[in-house]
Structures are given as C-alpha cells and as structure tokens.
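Structure, as structure tokens:
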Amino acid sequence: MAEPLSDIGLTGLAVMGQNLALNIADHGFRVSVHNRTTATMEKFVAENPSTPGGLAGYAGLKDFVASLKRPRKIIIMVKAGAPTDAVIDQLVPLLEPGDIIIDGGNSNWNDTIRRERDLKAKGIRFIGSGVSGGEEGARFGPSLMPGGEYEAYKEIEPIWTAIAAKVDAATGKPLTGAKPGQPVQGGVPCCTYIGPNGAGHYVKMCHNGIEYGDMQLICEAYWILTHVLGMTAPQCSEVFAEWNRGVLDSFLIEITADILQQKDPYTGGYLVDCILDTAGQKGTGKWTSVNALDMGVPANTIAESVFARFMSAIKEERVAASKVLQGPAAAKFDGDRKQFLEAIHDALYSSKICSYAQGFQLMREAQKEYNWTLKFGEIAMIWRGGCIIRARFLQKIKEAFDRDANLPNLLLDPYFKSEIDRCQTNWRRVVAEAALRGVPVPAFSSALAYYDGYRSERLPANLLQGQRDFFGAHTFERTDRPRGKFFHIDWPEPSRPIIEV
Ligand SMILES: NC(=O)c1ccc[n+]([C@@H]2O[C@H](COP(=O)([O-])OP(=O)(O)OC[C@H]3O[C@@H](n4cnc5c(N)ncnc54)[C@H](OP(=O)(O)O)[C@@H]3O)[C@@H](O)[C@H]2O)c1
C-alpha cells in the first residue's frame, strides 16, 4: 500500500529541527523529515518509531517533496545565512506554484524580505517564522512569530497554533507539564501572524535584543548583591527566588536562582564562581543594536548589553588593566541591607521597563520603515510563554497596548508610569552607589539615562547644534521660530551675522 502523504515536511535535523518535528508529530500531524547528512535522519526516525502523527524519513529531496500533501509546506531548520539559500535553491525546482517554504531559523529579516520577494516571482510562497525557546521550546511549545503572505500563513496556522506554547487565558502564565506524546491541552497559543515578508524575523530579532537586555540587567543585579552587599552565590539565589514571586516573575529570574545554587562537581564550591566571565553571542543582539543605530532609535540599554558582552570578552586585557587602573577602595556596606536589597529589586525592575520600552519603540519605527502594521499587544501576548523572555510583566505590556494601541512609549502608560514613580528613588540610589563604589552597571545606568533623557523637555543638543554649525555650517532651528526654519551664523565673520537659510 502507498505511504500516506504527510501534512508537512521539515529539512534540517539538528537540535531545533528534531525537536520541532517531534512537537508537530505529537499534535497528530504526519511529518516528512530530511537532512543533508542522511545518517542523522535515519537515526532520528529509528529512535522515534511511534509518535502520534508519525515521522517519515527521506534521503533525497525529490522523494521528500513528493511525500507531501498539496500545497506542500516545507520547514527549513538549517544554519541561517548561505545554507538557508542553498536549501531553498535545491527545493525550488521540485515545487509547484502555491507551495509554501517556511524558514524557522534565526534569519536576518532583510534576507527574509529578499527571499520572499524572489520566491513570489517564482510562484512559491514564503514564511519567515521566528521560533523562540531553544531546544525545550521547540520540543514542547515555542513562541512563534510568523511573517509573510497572510493567506500562506493561514495554510500553516492549524499546525503553528497547535505546536506553539500555551498560556492560561486568565493569568497569562505558561501551561506546563507537556511530555513526549502528551502536549498540554487548551490555553492560548503563543503564536500570531506578525505581518508581511520579514516582519516575523524582525520581531524575533527584537525579542532577542530584549533578551540580551534582560540577561545583562539580571547579571548587574547579581554583581551589586555580590560586590556591594557581599552576598555569596546561594544567598543571591535566595534573593532571585524571592523576586521571582513578584513583578519580576520570569523564566530568566527563575533559571538565575537555579544556576546560583548549583554546586561545582570539581571543586565542591558554587559553579557560577568557576565559570569564566567571558560572554559569547550569536549576533541577534548586535543586529538589534545596529538596526537601532540605522533607524535612529535610542535603544541604548539593549546596545549596552551587547557592549557589556564585548567588554567581558576582552578578558586578558581586563586582567592586565586591573593591575594598573585604580578605582574606589572596597568598603563594607554599612547602610540598611534590607532597604538596599529592595532598592536593587526596584532598579532592576525600572531598568527592565526601560529596556522593553526601547524594544517596542524600535518595532514602532520599523513598521514605518518597512510598511508593516505590527500589533504590539499581540506581540507581548505571544512572548508570555515558550520564549526566553517569558514573564508575568508581559501581561502588563499587553494591557498597556489594549488601553492604547498607538502608545508611543511604554513609559507613558499609566501603569508603567506609576511603577517607575514608585521605584525611581531606589533606582537612582543603586546606580549612584554602584558608581561611587566603582561597580560597573552599564545597563542599569544607561536605562536611567534613557528615562531621564526621554522625560527631558530640553537636552544639551542646543549646544551640539551650535558646534555643528560652527565647524560644518550644518545650521540649526531656533526655540522662538517654527520647526523647519533653519539658521546659520557666519562664524568666521567678525560681526557673526545670522542668516536665515
Ligand atoms: N539552537 C537554538 O537554541 C535555536 C533557537 C532558535 C532558533 N535557532 C535557529 O534554528 C536553526 C537551526 O538551529 P540548530 O541549532 O538546530 O542547527 P544549526 O547548528 O544552526 O544547523 C545545523 C543544521 O543545518 C544543516 N546544514 C548546514 N549547512 C547546510 C547546507 N549548506 N545545506 C543543507 N543543510 C545544511 C545541518 O545539516 P548536517 O546535519 O548535514 O550538517 C544541520 O541539519 C538555525 O537557524 C538557528 O539559528 C536555534
């Protein structure tokens, strides 16, 4: 008897592809699988003989494509960049008009825009879908950010919403407890159509930029706990566990508490104290920051988080500099420890609000640049489960955009405004204390600078425009004339006449 046709195909069976294929099969969909190295595919299929939907392995792309129901839906889960283009090029001659290629890798949104355009010209539909949550998310429910032609998305929507992470409709908390073959039942899927062409991959990139910010801010809180309050790793773990019961409740705070209490099997001490302080990165935080620079959006906390990783990476140079450069002498903290602990919490929370405000401000600008209409409340909603930044806090962001879909900045929402009002004295105290003690807190302090800059009616850019006009005749606008009228001083002239340009 002929094999039944599969609902969807997936090529690229590394860690993400395998887990995503199993997740899809767990929801009763039959999945054809393929991998460049056939042995990987054969081993994978042999190890998973009885999933609810079934896996069917194919060594060649021709048979793989022929095994799919029309319109064919093929997920690519290979290394982002040139390998994705190579796989698309191999698939195209085997496809028919109307078939759909879905790129689930961490592709740059500009590549997705290009691929969607090129494939459309060939009659092939293309979805660029952000997939967040790493290995665990792919297996039991990622946060999914699909972008492309809406009708093409509708074809994959039943599968995409089935495999996505689910949150409780009332609380927004992730539904947990999925096991192989037994996905969670009910709940609201962390998946929504994001917009045309590269919108899904763009929003996924912003998610990662915000993730960089969250991680750096947590690390700075840990550093202050350690270097101002003198806490040990397990003591810090208790603090984070406590914070995870309040407004900071999130996956990253939860794993931080866990990491900090992990013993080191080699030394018997705490593992975190044995991990070398040089951070790696795969580039999405950098893309977010470069894009913020390109678009002129002040996403300084996100960018500082990337720079902080670069600073950590020059370890040998820092070790040498530490022997030469001086800072304040270490002094015992003699203030009220309980109050200062609360202040660190508030500094972390306020900085986090600013970091998210920057991420959403960036997406707001991008939608103008790329002609998308992004639904920010829905984006916050699909980040409540499955992904790395999942947090209780995102429910509040969703509510803020429910109150005002065109909110220019999260800081202007009444809830977030009142939260910052409540926390800002503590926030300032922590940044000041860290500065006085020489403890580096680039993300805390850049978030505070962002807040103070954003709320400033006037900034010293008046002098800056004067400087630009002096050396480059760049002109300036005046406070007492309408916007758009430009003036220039003829600086070299002894009488320095003012000229209306
Ligand atoms: N790992 C994560 O946590 C995570 C999270 C979200 C998104 N992603 C994204 O998901 C995608 C897959 O990630 P991953 O970590 O599972 O795998 P990966 O290490 O990024 O890529 C390995 C896969 O790509 C295939 N591949 C590489 N070059 C190829 C080429 N020229 N032609 C055909 N196939 C090629 C490999 O096939 P062979 O077996 O033949 O070498 C293998 O299946 C990536 O875009 C990644 O950025 C990863």
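Residue numbers for the sequence shown follow this note's numbering, so the first one is 48 and each next one is one higher. We put the CB at the ideal spot given by N, CA and C, even for glycine. It should be emphasised that the depicted structure is a prediction, and the values quoted were computed from it without experimental measurement.
Is residue 140 near ligand 1, with its Cβ less than 6 Å from a heavy atom?
In the sequence shown, counting from the first residue as 1, residue 140 sits at position 93. Residue 140: no, Cβ never under 6 Å from ligand 1.
Buried or exposed for residue 468, please, with buried defined as at least 16 other CB atoms from any protein chain shown within 10 angstroms of its CB.
Residue mapping note: residue 468 aligns to position 421 of the sequence shown, counting from 1. Exposed, since its Cβ has fewer than 16 Cβ neighbours within 10 Å.
Identify, in the order they occur along the chain, each residue of the same chain with its Cβ nearer than 7 Å to the Cβ of residue 470, setting aside the five sequence neighbours on each side.
The residue you call residue 470 lines up with position 423 of the sequence shown. If we look at residue 470 and ignore the five residues flanking it on each side, its Cβ neighbours are 393, 396 and 397.
So is residue 79 buried or exposed if we call it buried at 16+ other beta carbons inside 10 Å?
Residue 79 sits at position 32 when you count from the first residue of the sequence shown. The residue is buried, with at least 16 neighbouring Cβ atoms inside 10 Å.
Any non-hydrogen atom of ligand 1 within 6 Å of residue 82 CB
Residue numbering aside, residue 82 sits at position 35 when the sequence shown is read from its first letter. Residue 82 Cβ: within cutoff of ligand 1.
How long is the line joining the alpha carbons of residue 99 and residue 478, rounded to whole angstroms?
Within the sequence shown, numbered from 1, the residue matching residue 99 stands at position 52. Within the sequence shown, numbered from 1, the residue matching residue 478 stands at position 431. Roughly 54 Å separates the two Cα atoms.
Would you call residue 159 buried or exposed, if buried means 16 or more other Cβ atoms sit within 10 Å of its Cβ?
Here residue 159 is taken as the residue at index 112 of the sequence shown, counted from 1. So residue 159 counts as buried.
On a CA-only basis, which of 127, 114 and 115 is nearest residue 63? Give me that one, please.
Taking the first residue of the sequence shown as position 1, residue 63 is located at position 16. Selected option, being the one with the closest Cα: 127.
DSSP three-state label for residue 428, please.
Counted from its first residue, the sequence shown places residue 428 at position 381. Helix, per DSSP.
Would you kindly report the start and end of the unbroken beta strand (DSSP E) that includes residue 528?
Here residue 528 refers to the residue found at position 481 when the sequence shown is read from its first residue. No beta strand (DSSP E) contains residue 528, which DSSP labels as neither H nor E.
Could you tell me which residues DSSP puts in a beta bridge with residue 81?
On the sequence shown, position 34 is the one that residue 81 refers to. DSSP, once it has assigned bridges, lists 58 as partnering residue 81.
Output the distance between the C-alpha atoms of residue 219 and residue 239, rounded to the nearest integer angstrom.
Counted from its first residue, the sequence shown places residue 219 at position 172. Counted from its first residue, the sequence shown places residue 239 at position 192. Taking the straight line from one Cα to the other gives about 15 Å.
Where residue 64 sits in the DSSP three-state scheme
As a working mapping, residue 64 is identified with position 17 in the sequence shown. Reduced to three states, the DSSP call for residue 64 is helix.
Length of the line joining the Cα atoms of residue 370 and residue 376:
Working through the sequence shown from its first residue, we reach residue 370 at position 323. Working through the sequence shown from its first residue, we reach residue 376 at position 329. About 14 Å.
Coil, strand or helix - residue 196 by DSSP
Here residue 196 refers to the residue found at position 149 of the sequence shown. Three-state result, residue 196: coil.
Would you say the beta carbon of residue 394 comes nearer than 6 Å to a heavy atom of ligand 1?
Counting from 1 along the sequence shown, the entry for residue 394 is found at position 347. Answer for residue 394: no, Cβ out of range of ligand 1.
Tell me the start and end of each unbroken alpha helix (DSSP H) in the stretch 462-513 that is at least 4 residues and wholly inside, in chain order.
489-501
With a 10 Å radius around its C-beta and 16 neighbouring C-beta atoms as the bar for buried, classify residue 503 as buried or exposed.
If you number the sequence shown from 1, residue 503 lands on position 456. So residue 503 counts as exposed.
Give me whichever residues DSSP pairs with residue 206 in a beta bridge.
The residue you call residue 206 lines up with position 159 of the sequence shown. For residue 206, which the question treats as bridged, DSSP gives no partner whatsoever.
Between which residues of its own chain and residue 537 is the CB-CB distance below 7 Å, once the five residues before and five after are set aside?
Residue numbering aside, residue 537 sits at position 490 when the sequence shown is read from its first letter. If we look at residue 537 and ignore the five residues flanking it on each side, its Cβ neighbours are 543, 544 and 546.
Which partner residues of residue 229 appear in the DSSP bridge assignment?
Taking the first residue of the sequence shown as position 1, residue 229 is located at position 182. Per DSSP, 226.
Report the rounded CA-to-CA distance for residue 234 versus residue 66, giving the unit in angstroms.
Start at 1 with the first residue of the sequence shown, and residue 234 comes out as number 187. Start at 1 with the first residue of the sequence shown, and residue 66 comes out as number 19. Residue 234 and residue 66: Cα-Cα distance of roughly 21 Å.
Output the distance between the C-alpha atoms of residue 258 and residue 528, rounded to the nearest integer angstrom.
Sequence index remark: in the sequence shown, residue 258 carries index 211 (1-based). Sequence index remark: in the sequence shown, residue 528 carries index 481 (1-based). So the two alpha carbons sit approximately 43 Å from each other.
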